[in-house]
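Residue numbers for the sequence shown follow UniProt numbering, so the first one is 1 and each next one is one higher. Some notes on the structure that comes next.
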Amino acid sequence: MGLRATAFLLQTYLILAAAMYFDLGEQEEKCIIEEIPEDMLVTGYFLLEPWDVKAFSHSPHLGVTVTIRDPNHEVVTTKRYGKFGKVTFTAHASGQHYLCFQTNSTRFSVFAKERLEKEETFREISEDTNSKVLWWAVVQTSILLSVGFWQMKRLKDFFIAKKLV
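Given below as structure tokens:
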């Protein structure tokens, strides 16, 4: 098989592969809604981010719960996985199926709280800096206006003294 044929087959294969990335917070459920025909075998794989994998390696009870619902919102399957998993089910009715993911990790909330505290500290520092910059601008403007009025008065007095006015 030629190089072009191999490249064409590789491109065709890559076009058929689909991937998705999303953030999943603590006790937050995110769902993927997919139109699936009847009697279709659906397979999906998921993998947690590297920092999540470290958290899951120390705590085996932490994981992701995957719930599949059919178009009538009836639960097809629910299963809890660890740091990675493979979800497989057969659609018994055609229509929109809901593939929902939920974590039971508290590490997500600790990470979010640390990030929130850092953002709050940064916001306070930024507001303080902006306030100081505003006052510095007010002081500069006051000085500029005072010097301008003083120069105009001195120039007027000069013209009067020289009897040019």
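Here a beta-carbon is modelled for each residue, glycine too, at the ideal position from N, C-alpha and C.
Runs of 4 residues minimum, wholly inside the UniProt domain "GOLD" (29-145): which ones carry the alpha helix (DSSP H) assignment? 50-58
Does the region 36-50 come close enough to the region 82-101 to have 3 or more Cβ pairs within less than 8 Å? yes
Backbone secondary structure at G148 - three-state DSSP: Start at 1 with the first residue of the sequence shown, and residue 148 comes out as number 148. It is helical.
Assigned secondary structure, L164 (DSSP; H/G/I helix, E/B strand, else coil): Residue numbering aside, residue 164 sits at position 164 when the sequence shown is read from its first letter. If DSSP states are grouped into helix, strand and coil, L164 belongs with coil.
Residue burial classification, F101 (beta-carbon count within 10 angstroms, cutoff 16): For this step, residue 101 is matched to residue 101 along the sequence shown. Counting Cβ neighbours within 10 Å, F101 comes out buried, since at least 16 surround it.
Pop quiz: I68 and L47 are said to be a contact at Cβ under 8 Å. What is the actual Cβ separation, rounded to whole angstroms? Taking the sequence shown and counting its residues from 1, the one referred to as residue 68 is at position 68. Taking the sequence shown and counting its residues from 1, the one referred to as residue 47 is at position 47. Going by Cβ atoms, the distance from I68 to L47 rounds to 18 Å, so no, they are not a contact pair.
Whose C-alpha, out of K156, D128, Q96, is nearest the C-alpha of V75? Taking the sequence shown and counting its residues from 1, one reaches residue 75 at position 75. Selected option, being the one with the closest Cα: Q96.
Buried or exposed for K118, going by 16 or more other Cβ atoms inside 10 Å? Locating residue 118 in the sequence shown gives position 118, where the first residue counts as 1. By the 10 Å Cβ count, K118 comes out exposed.
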